[in-house]
Amino acid sequence: LGPRGWNRLLRSSLWLSVGIAAMAVGQVIINSGVRAWGPFNSPNYLGAYAVLMFFLTAALRDSGDPRRSLARVFCGSAAALNLLSLALSQSRGALLALGAGLFVLLVRKRQTAAIGCILGSIFAIFLIRPGVDEARWTIWRLGWNAAIQRPLTGWGQGGLVVGGLDRFYSIPLEVFAASGIL
Numbered sequence: 051l052g053p054r055g056w057n058r059l060l061r062s063s064l065w066l067s068v069g070i071a072a073m074a075v076g077q078v079i080i081n082s083g084v085r086a087w088g089p090f091n092s093p094n095y096l097g098a099y100a101v102l103m104f105f106l107t108a109a110l111r112d113s114g115d116p117r118r119s120l121a122r123v124f125c126g127s128a129a130a131l132n133l134l135s136l137a138l139s140q141s142r143g144a145l146l147a148l149g150a151g152l153f154v155l156l157v158r159k160r161q162t163a164a165i166g167c168i169l170g171s172i173f174a175i176f177l178i179r180p181g182v183d184e185a186r187w188t189i190w191r192l193g194w195n196a197a198i199q200r201p202l203t204g205w206g207q208g209g210l211v212v213g214g215l216d217r218f219y220s221i222p223l224e225v226f227a228a229s230g231i232l
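Under our numbering, the first residue of the sequence shown carries the number 51, and numbering increases by one thereafter.
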């Protein structure tokens, strides 16, 4: 692509992430009380995308020419909007990815950026709906109860559907339910 092509691609990616964040905000406003999913099939995919784009925008902001303050402001705004998109997705896995990335920033001695991001992630944690964990525990309990009915051989791949659920949101539990101990 060359330097100009890469710059265009990165700018387009930033603008796309801003549009996706706006879409997530709109979804939460229109469908009050739901997790945002953006253009993806799952809020978890939106969260993963938002974390990826957050670190990309943060890196672009720090690597840019200090004389181009407008570009730095746009990158900062895009990073903040991606954090908002992450918060609206309420994806725990994406929050863990954000925490891992922030840890790397701290280790690489970029305390100023990391401290700002940590404050933003604390804000995101407070937006996670209370009571969501209770539903997850119930699903895991259902999966566990079904799995221990056939602990040796399991139910087979795709052979277990409990109350319309064909997955239990836990990879080890799903493997145990499908294949058993053997």
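Every residue gets a Cβ at the ideal spot worked out from N, C-alpha and C, and that includes glycine.
Measuring only the C-alpha atoms, how far is residue 136 from residue 130?
Here the alpha carbon of residue 136 sits roughly 10 Å from the alpha carbon of residue 130.
The alpha helix (DSSP H) enclosing residue 59, as first and last residue numbers
DSSP places residue 59 in the uninterrupted alpha helix (DSSP H) bounded by 52 to 80.
May I ask you to list the residues that DSSP assigns as paired with residue 212?
Residue 212 pairs with 215.
For the putative contact between residue 94 and residue 143, defined by C-beta atoms under 8 Å, what is the C-beta separation to the nearest angstrom?
So it is a contact: roughly 6 Å between Cβ atoms.
Just verifying my parser: in three-state terms, what is the DSSP assignment at residue 189?
DSSP places residue 189 in helix when its eight states are reduced to three.
Expected contact under 8 Å - CB spacing of residue 138 and residue 74 to nearest Å:
About 5 Å separates the two Cβ atoms, so the contact holds.
Which of the three DSSP states, helix, strand or coil, is assigned to residue 91?
In the three-state reduction of the DSSP assignment, residue 91 falls in the coil class.
Measure the alpha-carbon distance for residue 101 versus residue 132 and round it to whole angstroms.
One C-alpha to the other measures close to 7 Å.
What's the gap between the Cα of residue 207 and the Cα of residue 69?
One Cα belongs to residue 207, the other to residue 69, and the distance between them is close to 38 Å.
Nearest to residue 190 by alpha carbon, out of 213, 202, 203 and 209?
The shortest C-alpha separation from residue 190 is found at 213.
With a 10 Å radius around its C-beta and 16 neighbouring C-beta atoms as the bar for buried, classify residue 154 as buried or exposed.
Answer is exposed; the Cβ neighbour count stays below 16.
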